[in-house]
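Visitor: Residue numbers (our numbering), protein chains in the order written: chain A, -19 to 305; chain B, -19 to 305; chain C, -19 to 305; chain D, -19 to 305; chain E, -19 to 305.
Built from N, CA and C at the ideal position, the CB exists for glycine as well.
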């Protein structure tokens, strides 16, 4: 059936057999056996048969069918329903692509439902199968393994955002900031907000999984969720840090724009004076009065030129010293 | 009586009969029966008879009579009184129209009181009647159904606000920002604040309904309120996100205005120099000294013109390279 | 004695008699009887006799003597001491006048002490006496009635502040913002802070009165305090909303000032160019070179004038199109 | 021994005798007797003998020796160790001088250790001795008396800061704001932060003293600490209020600077036009074309002057109306 | 083996012997004996043998192998795993160098694992060995001693940051602020954020160690962790204070830049007028009208010069008084 990636039974952590959806109920009667079903954008019909096999709640199935959920953990009787969001840097436009993975976790089964652009969990499953003593802890360990891989995919995302911040910093302090800098800061903020919305509920989810109110998670598996929690908290801190720095960068950018504006005004004022003074003097000797004795002196012209020139030099030095030029 | 939209008795989730307000008490004596009364801006007299039939508290009736309550959930003995606010985008002026719906929920009755511009709940009632096995859970399920429809009406409102933000972003980064941009940002902020005031208490209400301190909600109905809660939280996140972006957009707008001001100053300074230099030179050769040898040279005029022109070109290139022009 | 407004005994909610302060103790021996004393800026002596009659704590009496307390609820053994602040819009200067009312509430007595410019509670008392079945609930109901009237007086205060905000908005977006606008925004902020300081502790007080840790409030009176609480929360929300909008208005004002500054610069630059170009050309033809062939051409003057004029027109159109003029 | 200000035994609130440090242990054997020791910047040796007499913890003694602690309350077994910070306005430079007082409070003793520029507690002790019925409540009352006096010293400090804010407001809105205004705002912020750091932990300390987890404080003394708590909260509110207003003042200052900058630009632009137009016209009639018919008209000069003058007047009126001049 | 700094057994607080990693298990069988192992960037193999000797959890060992953990306290069964970050000012570039120390603390052992540029704990160990009565309290005291030394190393770091703030303040208010000032403020913010990220979790860790939920810490050792907690809180307050002041400094810087911009504009406007007026007058008398009677008056030239000069003086005085020059 389309949408099924895998449906495998495990006994004491060891892969027993690929089984058919319809045979799940039967398989689960064996002791120490659990079933791990992997789905990818399943159709309604497939979800319906899954619902029947595992006795899932209508609302959870409805959620699992629609993507665009926020990360959450919900208990429906004996079954735990978890929504996580995945993120990857799109290698072409360097934006972040978000996907979703939903989990149904019961006493002896785990169903993962992937939506959107997330990586396959084949590798995760392979790694789990390599450590049967751990996978033997049951579906909660499989849940941990997938969550861990999802959370680990966030680190490169954050690092890309941190790199974007460094680029912006260099633009601000190294080169001249432009309109583009402001836009890049804005877009960085937007992306940080998007990732933040994904990470914050994840911390709550891990928090609940590592505490004692959720019976689906055996005691010896809790430290693993604490590990995921720890990573999520670290990602969150990196995000907050980057966000605070982006805010500071915007302020610095603003402050530098203002200083630069001030510098332009000073430079302009300085040069305007240096051009304005000779213009004024020239204007005076351009007057047409009959009786202007200086006009008739022989060296008047070079003297006036020289005086004007000296005046300009004096002005130049004065403005240079005042830091206006 | 004016103000009554509907007054129907249900038995095991199935519609039994339209009944008269005065016969409610009598009807409620039947086992597994509940009454769903729908009112629209009821008069004082009608509310009084409702109060008598269901034994409601004075203060709740007073509140139900006046619109302009904030969303809240209050327990008066056995009866739960809930106020919710509805929102719709006005199709004419694209502003948000707010309305109010109040609920009285008891063991075997639910009264909905609509105020202002909210949609009728006919469709909701019809959908409920199509799933008698769910409506059989009692008045709490009817409450859920109406709440769910109210909360779902918020999504288009938020999407309109998000679209307004996108328009503002385009104005800021694409075209030149104007005074109108600032005003639009301000109005967007105002609308976001208004919606926020409606959504935040709604989350608390859902939270209480899905936890165990409210006995009116049977255990198997709680997951439905969790679903509403989930939607409310998502709306709230979308709001917060939009609000953060509006703030960032205002800053970006501000930053760009400042950069643009700086650019104007630079351009002006550059052109002022390019016009100022020939003016100064012309002034000098406009002086009336008798002894100005250059004046008598034959090619002085074209040479001075050429020199001045070259100077202007040099200045132009200089300013161009400095990014001032 | 000066400072006593009223001292009345009630039995089962009905007024029994005006009594003397000295006879209070005696009166309170009757079953189902409580005493309601109203004081207005009482002297030390009067407070002392009140203290003796009701066995009040030194610290509470000290507080009741001095105005300028912050709103609070304190328990001294069996007696509850409450401080509330009242507010009214001064009809002359449109500022807010604050007053204070203190309450001592015991099992069978309530003392209200008014300070500063608050309204008399005569009307409240009259309304209470009209509903003896409610006043029969005891001093807690009298407390509710006065608190309710105090809180209701806040609504016009908030509405005045909201109106001031609307005026500021109109100044900002409609007319040109001036120095006065900034000052009005500042003063609005100051007033909002003042009211906020009064409302926030009020919410806590109501919260305690409607919960179960205060034994002075009988169970059937609690819903009334929840009603006051609800009003206080609404006032608080209106305040927060107005404060957020004032902040946004300040930013908008700032942004518009900056845009307006930018517009001035652009306009100035444009006109400076339009005036500068003819000045430069005129300067060139004002030079005194002997050999300037143009000077001798017959139509040179009108041609130059025309060319200059056309240049100015071209510049004008150019700047107009760029949005600089 | 240097550093001892006082060491007095009290019985039932009445002063019994000045005693020697070495005799404390012996004195404390009497029933209903407690010892109040006052130290001022004690040496290590003195602290050691105090430690031995009262059996104090090493870490507390270490803290008491070094000033520059943050306000805190710590329990070491039976003994309570409290650090408070005192504040006074320096009458010379109008800055705030901070000091410290440490307390060791046991069942039958209290030790106060003053550091830095705080007032002596002689007056407090005298006042306590005047009300032996209160001092008879034990060391906790002595603690209250000193704390109350410390907290009361904060009110003039806050009032000084509020006065500084009023001065800044007047500078901003009344006179022209200068660089000094900005610096004064900055310094006010710094001082507010300093006082805040002292007050916030004080509230926590009072809070703990008035609740039931500290056994050293008898029940009938708790209301007194609630009184101190109340004062601390009021000081804290005044601080927060002042801080919010300082922030608003900075924004207002900034906004007004920007408006003032805009006004300068407008004025300059207006006058530049009024000077620029005659300069341009004069330039035109200063051109040396042979064929300029106007030059030969007899009234050309006065006519041109008059036209220019009228133009300037027109410009002046235009700019005046536009609010640019 | 490389990576082992020390491995010493202590009995009743006294050093017994340097022992081999392989003999730890054997040694721990003695009563009242504990082992303190010091590692520095250990290899995988060494960590493996440590894990075996002390029965440590896989996840903790994995963490201990990789540096770049965030500070945390985790319990794995009987063993406590703690990560702390160390900080020092790099004496060359005045930046902060961060390192990490991990601890495994059991009933009778403590393992410290240093990563990166942190100081050796030789001195700490020496000081502990000098007070065997304290070290006799067991591994928790050794943990305290190392934590205390780590936290004490933060004080010079904070003081360096505070000094950087003072330098920035001086630049802002004393000298003219430049682009460098803005960059220094930004870098200071970055460093404050980095230290903050290290200190905040440290407070939580101390908090848990001084409360009663961690059994590894005996009761008489808790006050020591309260001491560390106290230091951490103080560092945190200093950080927050510095951060608030940096924000205020940025605003002040910004405000002063704006005022300075305004001053430049005023100065420029003033001088432009003083130069512009003579230029205009000179232009008028440079016109070539035939009939300009003034031109023929004998004293016209000196009179015009004088009038112009006086006008300039008047303008100068006017602008000086207005505060524009």
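Opposite residue 69 of chain C in the DSSP bridges: which residues?
Guide: Here residue 69 of chain C refers to the residue found at position 89 of the third chain. DSSP lists C/76 as partners of residue 69 of chain C.
Visitor: Leaving out five residues before and five after residue 258 of chain C in sequence, what residues of the same chain have Cβ atoms less than 6 Å from its Cβ?
Guide: As a first step, residue 258 of chain C is located in the third chain; it is residue number 278 there, counting from the start. For residue 258 of chain C, where only same-chain residues beyond five positions count, the Cβ hits under 6 Å are 288.
Visitor: Helix, strand or coil: how does DSSP classify residue 62 of chain E here?
Guide: Start at 1 with the first residue of the fifth chain, and residue 62 of chain E comes out as number 82. Residue 62 of chain E sits in a strand when the DSSP states are folded into three classes.
Visitor: Throw me the rounded Cβ distance for the residue 152 of chain D and residue 140 of chain D pair, which I believe falls under 8 Å.
Guide: For the purposes of this step, residue 152 of chain D is identified with residue 172 of the fourth chain, where counting begins at 1. For the purposes of this step, residue 140 of chain D is identified with residue 160 of the fourth chain, where counting begins at 1. In fact, because the Cβ distance is near 19 Å, the residues do not count as touching under 8 Å.
Visitor: Measuring only between beta-carbons, confirm whether residue 234 of chain D sits less than 8 Å from chain E.
Guide: As a first step, residue 234 of chain D must be located in the fourth chain, where it is residue number 254. True, the Cβ-Cβ gap to chain E drops below 8 Å.
Visitor: Under 8 Å, do residue 249 of chain B and residue 148 of chain B count as touching if we go by C-beta distance?
Guide: On the second chain, residue 249 of chain B is found 269 positions in, with the first residue counted as 1. On the second chain, residue 148 of chain B is found 168 positions in, with the first residue counted as 1. Not a contact, by the Cβ cut-off of 8 Å.
Visitor: Among D/143, D/268 and D/106, which residue has its Cα nearest to the Cα of residue 164 of chain D?
Guide: The residue labelled residue 164 of chain D in the question sits at position 184 within the fourth chain. When only C-alpha atoms are compared, the closest one is D/143.
Visitor: For residue 56 of chain A, report the span of its beta strand (DSSP E) as first-last.
Guide: On the first chain, residue 56 of chain A is found 76 positions in, with the first residue counted as 1. For residue 56 of chain A, the enclosing beta strand (DSSP E) covers residues 52 to 56.
Visitor: Does residue 177 of chain E come out as helix, strand or coil in the three-state DSSP assignment?
Guide: Here the question's residue 177 of chain E lines up with position 197 in the fifth chain. If DSSP states are grouped into helix, strand and coil, residue 177 of chain E belongs with the helices.
Visitor: So, are the CB atoms of residue 201 of chain A and residue 121 of chain A less than 8 Å apart?
Guide: Within the first chain, numbered from 1, the residue matching residue 201 of chain A stands at position 221. Within the first chain, numbered from 1, the residue matching residue 121 of chain A stands at position 141. For residue 201 of chain A and residue 121 of chain A, yes; Cβs fall inside 8 Å.
Visitor: Closer than 8 Å by beta-carbon distance: list the chain A residues that pair up with residue 248 of chain E, in chain order.
Guide: Looking up residue 248 of chain E in the fifth chain gives position 268. Simply 245, 248, 249 and 252.
Visitor: Pick out whichever of E/215, E/298 and E/304 has its Cα sitting closest to the Cα of residue 67 of chain E.
Guide: Taking the first residue of the fifth chain as position 1, residue 67 of chain E is located at position 87. When E/215, E/298 and E/304 are compared, the shortest CA-CA separation from residue 67 of chain E is found for E/215.
Visitor: Taking C-beta to C-beta, are residue 78 of chain B and residue 94 of chain B nearer than 8 Å?
Guide: Position 98 of the second chain holds residue 78 of chain B. Position 114 of the second chain holds residue 94 of chain B. For residue 78 of chain B and residue 94 of chain B, no; Cβs fall outside 8 Å.
Visitor: Going by the CB atoms, is the gap between residue 124 of chain D and residue 18 of chain D shorter than 8 Å?
Guide: Reading the fourth chain from its first residue, position 38 is the one you call residue 18 of chain D. Reading the fourth chain from its first residue, position 144 is the one you call residue 124 of chain D. For residue 18 of chain D and residue 124 of chain D, no; Cβs fall outside 8 Å.
Visitor: Taking only beta carbons into account, state which residues of the region 16 to 42 of chain D come closer than 9 Å to chain C, listed in chain order.
Guide: none
Visitor: Keeping to the same chain, check which residues put their C-beta closer than 7 Å to that of residue 109 of chain E; ignore five residues upstream and five downstream.
Guide: Translated into the one-based positions of the fifth chain, residue 109 of chain E becomes position 129. Shown here for residue 109 of chain E: same chain residues with a beta carbon closer than 7 Å to its own, the five before and five after excluded, namely -5 and 115 in chain order.
Visitor: According to a CB-to-CB cut-off of less than 7 Å, which residues of the region 263 to 281 of chain D neighbour chain C?
Guide: 263, 264, 266, 267, 268, 269, 270, 271 and 272
Visitor: Along the region 160 to 184 of chain D, what residues have a CB closer than 7 Å to any CB found in chain C?
Guide: none
Visitor: For the beta strand (DSSP E) holding residue 13 of chain B, just list the boundary residues, first then last.
Guide: Mapped onto the second chain, residue 13 of chain B falls at position 33. Residue 13 of chain B -> beta strand (DSSP E) spans 13 to 20.
Visitor: So residue 56 of chain D contacts chain E; which residues on that side make the cut at Cβ distance below 8 Å?
Guide: Taking the first residue of the fourth chain as position 1, residue 56 of chain D is located at position 76. Within 8 Å Cβ-Cβ: 203.
Visitor: Count the other CB atoms, across all protein chains shown, that sit within 10 Å of the CB of residue 22 of chain A; report buried if there are 16 or more and exposed otherwise.
Guide: Here residue 22 of chain A corresponds to residue number 42 of the first chain, with the count starting at 1. So residue 22 of chain A counts as buried.
Visitor: Taking C-beta to C-beta, are residue -17 of chain B and residue 37 of chain B nearer than 8 Å?
Guide: For this step, residue -17 of chain B is matched to residue 3 along the second chain. For this step, residue 37 of chain B is matched to residue 57 along the second chain. Taking 8 Å as the Cβ cut-off, residue -17 of chain B and residue 37 of chain B do not qualify as a contacting pair.
Visitor: Write down the C-beta distance between residue 63 of chain D and residue 45 of chain D rounded to the nearest angstrom, noting that I regard them as a contact closer than 8 Å.
Guide: To locate residue 63 of chain D, count along the fourth chain from 1; it is residue 83. To locate residue 45 of chain D, count along the fourth chain from 1; it is residue 65. With a beta-carbon spacing of about 12 Å, residue 63 of chain D and residue 45 of chain D fall beyond the 8 Å limit used to define contacts.
Visitor: With 8 Å as the C-beta to C-beta threshold (strictly closer), list the residues of the region 211 to 226 of chain A near chain E in chain order.
Guide: 213, 214, 217, 221, 224 and 225
Visitor: Taking the beta carbon of residue 105 of chain C as the centre, do at least 16 other beta carbons fall within 10 Å, making it buried, or is it exposed?
Guide: Counting from one through the third chain, the residue named residue 105 of chain C turns up at place 125. Its Cβ being crowded by 16 or more others within 10 Å, residue 105 of chain C is buried.
Visitor: Among the candidates A/276, A/92 and A/270, whose CA atom is the shortest distance from the CA of residue 271 of chain B?
Guide: Here residue 271 of chain B refers to the residue found at position 291 when the second chain is read from its first residue. Residue A/276 is the option with its Cα nearest to residue 271 of chain B.
Visitor: Nearest-angstrom Cα distance between residue 211 of chain C and residue 47 of chain B?
Guide: One-based indexing of the third chain puts residue 211 of chain C at position 231. One-based indexing of the second chain puts residue 47 of chain B at position 67. Each residue's Cα considered, the two are about 14 Å apart.
Visitor: In chain D, what lies closer than 7 Å to residue 241 of chain E by C-beta?
Guide: Taking the fifth chain and counting its residues from 1, the one referred to as residue 241 of chain E is at position 261. In chain order: 241.
Visitor: Beta-carbon separation of residue 130 of chain A and residue 219 of chain A under 8 Å?
Guide: The residue given as residue 130 of chain A occupies position 150 in the first chain. The residue given as residue 219 of chain A occupies position 239 in the first chain. Pairing residue 130 of chain A with residue 219 of chain A gives a Cβ-Cβ distance that is not under 8 Å.
Visitor: Taking Cβ-Cβ distances below 8 Å as the criterion, which residues of the region 134 to 157 of chain B are in contact with chain C?
Guide: 156 and 157
Visitor: Could you tell me whether the Cβ atoms of residue 173 of chain D and residue 233 of chain E are closer together than 8 Å?
Guide: Taking the first residue of the fourth chain as 1, we reach residue 173 of chain D at position 193. Taking the first residue of the fifth chain as 1, we reach residue 233 of chain E at position 253. No, the Cβ-Cβ distance between residue 173 of chain D and residue 233 of chain E is not below 8 Å.
Visitor: So what does DSSP say about residue 47 of chain E, is it helix, strand or coil?
Guide: Position 67 of the fifth chain, counted from the start, is the residue given in the question as residue 47 of chain E. Three-state result, residue 47 of chain E: coil.
Visitor: Quick one, which residues of the region 291 to 305 of chain C are near chain D if we go by CB-CB under 8 Å, in chain order?
Guide: none
Visitor: When you compare each of B/286, B/55, B/166 and B/283 to residue 225 of chain B by their alpha carbons, which one comes out closest?
Guide: To locate residue 225 of chain B, count along the second chain from 1; it is residue 245. The shortest Cα separation from residue 225 of chain B among B/286, B/55, B/166 and B/283 belongs to B/166.
Visitor: Which residue or residues does DSSP assign as beta-bridge partners of residue 82 of chain A?
Guide: Against the first chain, residue 82 of chain A aligns to sequence position 102. Answer by DSSP bridge pairing, in chain order: A/63 and A/93.
Visitor: Would you check if the distance between the CB atom of residue 178 of chain A and the CB atom of residue 50 of chain E is smaller than 8 Å?
Guide: Counting from one through the first chain, the residue named residue 178 of chain A turns up at place 198. Counting from one through the fifth chain, the residue named residue 50 of chain E turns up at place 70. Not closer than 8 Å, so no.
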